[in-house]
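Input: a single structure, listed below in structure tokens.
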Amino acid sequence: MTTNRRRVAVVGAIAALSVGALAACGGAGGSGGSSSSAAKGTLYYLTQTSAKPEHLDPQRVYIGRDITNLSRLVYRQLVTFPDSADKTAGVTPVPDLATNTGTSSNGAKTWQFTLKDGVKWQDGKAITCDDLKYGASRVFAQSVIPGGPNYLVAYLNIPTNKDGSSIYAGPYDKSAANQAGQAAFDKAVTCNGNTITYDFKKPWPDFPLAIAALHMMDPYRQDKDQGDKSNYSVFSDGPYELQGTWNQNTGGTFVRNPNYDAATDSTTVRKALPNKIVFQVTSDAETIADRLIADTGNDKNAVTDRSVPSSRFSQLNSDSVKSRLTSVSSPYIDYLQMNMKRLSNPLVRQALYEATSPQAWIDAGGGSKAYLPAHSIVNPVVHGYQPNPAFNAPLSGDAAKAKQLLQQAGVKTPYPINFMYEKTTTADKQAAALKSSWEQAGFKVTLTGIDADNYYSTIQKPSNNGDLYWAGWGADWPSAITVTPPLFDGRINLTKTSSQNDYGQYNSPAFNKLVDEAQNASTLDAQTTALQKADAQLGKDYAYVPLENQVFNLLHGSNVTNYLQTPSSNGYPDLGGINVK
Amino acid sequence: MFAYIVRRAVIGVALLIVMSLVTFILFFSGAFDPARNACGKVCSPAQIEQTSKALGYDKPILTQWGSFLAGIVVGRDYPLDKKVREENPDLVTHCAAPCLGYSMVNTDTVNNVLKSAIPISVSIALVAFVFWIIGGLLFGIIAAMTKGSFLDRGIVGLSLIFYAFPTFVVGSLLLRFVAIKWQIFALPVYVPLTQSPGLWFTNLILPAVTLALFYMAAYARMSRAFIIEASTEDYVRTAKAKGVKKVPLMFKHTLRAALTPLVTMAGLDLAILLGGAIITEDVFGFHGLGLLAVTSNSRQDLPTIVGIVLLLSTFVIIANIVVDILYAYIDPRVRLD
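Top to bottom, those sequences are chains A and G. Residues 31 to 611 in this note's numbering are what the first sequence spells out, letter by letter. Residues 866 to 1202 in this note's numbering are what the second sequence spells out, letter by letter.
Quick look at the structure:
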């Protein structure tokens, strides 16, 4: 989501939603008049130019909105999430193409799934185990179809080269050099009739969560594969199919797939109610909000993934608009990361945390309508979420305690710090608000706003002169294994030329040990416990400061019924159940 | 004349080659790592290196630039890895000469990407051009002919207002009120001319008016000034003394001299607009060259950025040559050597 200014612009985001608590329209974000289960007319889905889908290829799609839309319309998965607004049920996998949610053995290193009978592609051919296997093989073709989630490369039981890359280069490389890799892949992923078995080199207890949240393990028909040319092709096994082609700049239309058999599916996943779904790429979030507030013509049948910009908040108060607004917390957490090399004194880091006023940041950015305070870098509904015990200071900060800590640290005050953030008009105001809270506590603050195009590449340079960085993140699936390890494990992030996702160059043996423990756990509970301890370690080291959890304020047209934004739809409109009058 | 055009064309081509090199150097001198961006959210250093190699970013800048220039002359095939192409003919995308490269971001050749954006920018620019030339000249002539009157002051004042208004404000207001709230016009969506000339035009009215108001204001003021200046020339005074009436005097004698500097300006302004009216296209969501330039820059899509730079430069170079030629026709005092 480009407008979100987050590193998670490409995130198969998790279901991190406190839907019920926030839903303006009651319940779980449902609204839109009488419930209707009969198939109806055309639903329009509006998105903005700068947030247009980057990939429709199942092995490459990595944006939460696109993952959920494709799941509901065209790409069925082995297992998936139901369209439940319940924050536990909504992130609990249910069978989709598979007969159950998978059977694990060998300490969660082996997973087995059996395909349902009667599931077909849009041309009427049956989906086979080989299609599943071929889909998985495409994840390794990094040099031809890069950009997708590549967790399988790290997990599948295939040897690696000296530099850590897999010896398997994917299905397009038919050279002798790749034959050993192909053989290793064929051994790690095996088919027996309609049953597929994955053999991993390390335990993957949350594998069903991962494949429900991402499309990387979806089946793919080899005869339809044209590599990068297939990026915007859709070959459906879901209730809809793409009519004609997808136009990157304007969108596309999905119509009924005649070879979809609803009997093989569940209505808790896909009700497939509108007869046609038209995706429109249009100008910007302001225009989309104006259109939905005006609620005329086809826009009466429209939903959007664009949150109402704060400039339009004042127009949301009339009853006719309010009843069409749904507010849910987003899957993302914004945080500040400390530079461990430059702020090497733990007392200074603690003082900086105590001096930080997340409330000032929230207020400057639009208040409670725009943000909820965060108490950990992990989103509240991620499996095993708990507030980080280290972050218990008042939301407005504690300047007196911070001053005391600086004194205790024996450093000269005012202590100079350089805060780097991604520059926008709102972020400038928010940074100024933080500066004020820090300076009250004895820091001398330099604000360095960097334009969006260069922000992350700048703070990833190990030699940058920032002491503190703004950043944002969303989990790839509802497990903290996709949050703290990718952000703070120095072993996988830090190289001579880049800090990658570990902007603060944090590299703690204690934390890394807990990550290893989590990655070697054979049960979800054991993994969760280790990750909770890992987050606590980060808090103890004041490696980061949680700021806020953005709120999605989404409008829909007055003809839209059964409107839902669920945890499984990553906070976006859940096309599994939405209908139009 | 022919020698002049050939000479200018050769200089233009040399300029384009230099500009492509400068764009390459500027792109790679930034902190941005295009391979890391293409690789995805969570990538190991080995995976980033693999992606870099596959996209050709591991090679020295001059080598990459050389391959780019070679592609312009002989065309290129993608993916870059010859072995992969030979083993998987279905994967191959052929980019015929003059090939401007392949955009991984758009998963298409830059030529195709530009081909879909050019008609949109050209349409907006041409319709806006017609609006502003007609309006600008008309108001300029009226103001000049009624110099010092209430009408003249009104036109000059209004011009100042429209000139001062930022394009995004005008565009946003037109979109918000004229299209969405009052629904006088449908929400503009680009319709190809070949599909429906009527819809093509009606959908271009709001974006074109947005652009035209700014230029119209400037052209009204300038044409007024040029006309007033030309009307003080001796030959105009002589014509007036000989009894030539006001209107023929304006169109036959004064305007011709006043037009010369305007033609230069109009040619260059049109050339720049053909390269994309960034703000207008962004406000109305028209995927022309302007919006493509913005998205390519934010997504660090080097091949498309280079393609746009070259295309825009070509427009400007051609416009310069055309303007010089027109100049010679309009003003007999000018000779092309």
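Don't be surprised by glycine CBs; every beta carbon is placed ideally from N, CA and C. Note that this is a predicted model, so its numbers are computed, not measured.
Taking residue 557 of chain A as the centre and dropping the five residues before and after it, the same chain places the C-beta of 235, 548 and 551 closer than 6 angstroms to its C-beta, in chain order. In the three-state reduction of the DSSP assignment, residue 256 of chain A falls in the coil class, being assigned neither a helical nor a strand state.
Annotation: the continuous beta strand (DSSP E) that includes residue 135 of chain A extends over 133–135.
DSSP, read as helix, strand or coil, puts residue 866 of chain G in coil.
Looking at the DSSP output, residue 445 of chain A shares a beta bridge with A:473. Per DSSP, residue 433 of chain A lies in no beta strand (DSSP E); the unbroken alpha helix (DSSP H) holding it starts and ends at 429–439. Residues of the same chain with a CB within less than 6 angstroms of the CB of residue 374 of chain A, apart from the 5 flanking positions on each side, do not exist.
The stretch 1070–1139 of chain G contains, as complete alpha helix (DSSP H) runs of 4+ residues, the segments 1099–1106 and 1120–1139 (chain order).
In the structure shown, residue 893 of chain G falls within a helical segment according to DSSP collapsed to helix, strand and coil. Interface criterion met: the Cβ of residue 172 of chain A is under 9 angstroms from a Cβ in chain G.
In this structure, residue 98 of chain A sits near residue 602 of chain A, with a CB-CB distance shorter than 9 angstroms. Under the DSSP definition of a beta bridge, residue 503 of chain A partners with A:363. The three-state reading of DSSP puts residue 379 of chain A in helix, counting H, G and I together. Note on residue 480 of chain A: 16 or more other CB atoms within 10 angstroms of its CB, so buried under the neighbour-count rule.
Of all residues in the stretch 257–278 of chain A, those with a C-beta nearer than 8 angstroms to a C-beta of chain G are 257, 258, 259, 261, 262 and 278, reading in chain order.
Measuring C-alpha to C-alpha distances from residue 303 of chain A to each of A:284, A:312 and A:321 identifies A:284 as the nearest. For the 9 angstroms CB-CB criterion, residue 365 of chain A and residue 510 of chain A do not form a contact. Per DSSP, the unbroken beta strand (DSSP E) holding residue 70 of chain A starts and ends at 70–78. The closest CA to that of residue 136 of chain A, considering only A:579, A:147, A:611 and A:553, is found on A:553.
Neighbours of residue 106 of chain A across chain G, judged by C-beta separation under 8 angstroms, do not exist; the nearest C-beta is about 23 angstroms away.
Residue-level contact by beta carbon holds for residue 897 of chain G and chain A, with a gap shorter than 9 angstroms. With distances taken between CA atoms, residue 107 of chain A lies nearest to A:243 out of A:592, A:243 and A:537. Contact check for residue 362 of chain A against residue 150 of chain A fails: the beta carbons are separated by 9 angstroms or more.
Closest in alpha carbon position to residue 533 of chain A, among A:425, A:561, A:563 and A:492, is A:492. Distance check between residue 84 of chain A and each of G:948, G:971 and G:1080 places G:971 closest, using alpha-carbon atoms only. About 5 angstroms separates the CB atoms of residue 1155 of chain G and residue 1142 of chain G; that is less than 8 angstroms, so the two are in contact. At least 9 angstroms separates the CB of residue 941 of chain G from every CB of chain A. Take the alpha-carbon of residue 1018 of chain G and the one of residue 998 of chain G: they are about 20 angstroms apart.
Counted as a single uninterrupted DSSP element, the beta strand (DSSP E) harbouring residue 143 of chain A occupies residues 140–144.
For residue 903 of chain G, the residues of chain A that pass the 7 angstroms Cβ criterion are 176 and 177, in the order they occur in the chain. Nearest CB-CB separation between residue 1166 of chain G and chain A: not below the 9 angstroms threshold. Secondary structure note for residue 306 of chain A: its beta strand (DSSP E) is the uninterrupted segment 304–312.
Using a CB distance cut-off of 9 angstroms, residue 911 of chain G counts as an interface residue toward chain A. Ranked by Cα distance from residue 431 of chain A, the first of A:133, A:403, A:386 and A:587 is A:386. Chain-ordered, the chain A residues with CB closer than 8 angstroms to the CB of residue 958 of chain G read 258 and 259.
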